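Numbering (our numbering), first residue to last: -6 to 113. First up is the structure itself, then whatever we jot down about it.
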């Protein structure tokens, strides 16, 4: 088993429960870690034998572009797409962070972390 990380993906999106958040938008950071068998790709040196991080980045950007009230919803959509579209992924963890959230204080970010394992 091996791990592929795609870290500090910066996205501007329109998530939130406040009307202002859905109009003016916010900066977000997404981090992703997937576990998969990387032994074959280590031997063959073929992209088709591994999890393509360009594909993972594209899923994140596409799902972040779809507005939601909750970060939990966005995280779940990202995980669902990964497991649906890439059979090699055995486990995935996603962190979705809203930078400078409007919660009345000096807060750098609020982060939702969600992990899923492939069902047998």
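Quick reminder that beta carbons are idealized off the backbone N, C-alpha and C, glycines included. In this text the structure is predicted, and so the values were computed from the model without any measurement.
DSSP, read as helix, strand or coil, puts residue 67 in helix. Within a 10 Å sphere around the beta-carbon of residue 0 sit fewer than 16 other beta-carbons, which makes this residue exposed.
When secondary structure is reduced to three states using DSSP, residue 40 falls in the helix class. Per DSSP, residue 47 is not a residue of any beta strand (DSSP E); the alpha helix (DSSP H) it occupies stretches across 46 to 57. By the neighbour-count criterion, in which a residue is buried when 16 or more other Cβ atoms sit within 10 angstroms of its Cβ, residue 47 is exposed. Residue 111 carries a coil assignment under DSSP once its states are collapsed to helix, strand and coil. Judged by their CB atoms, residue -4 and residue 28 are nearer to each other than the 8 Å cut-off.
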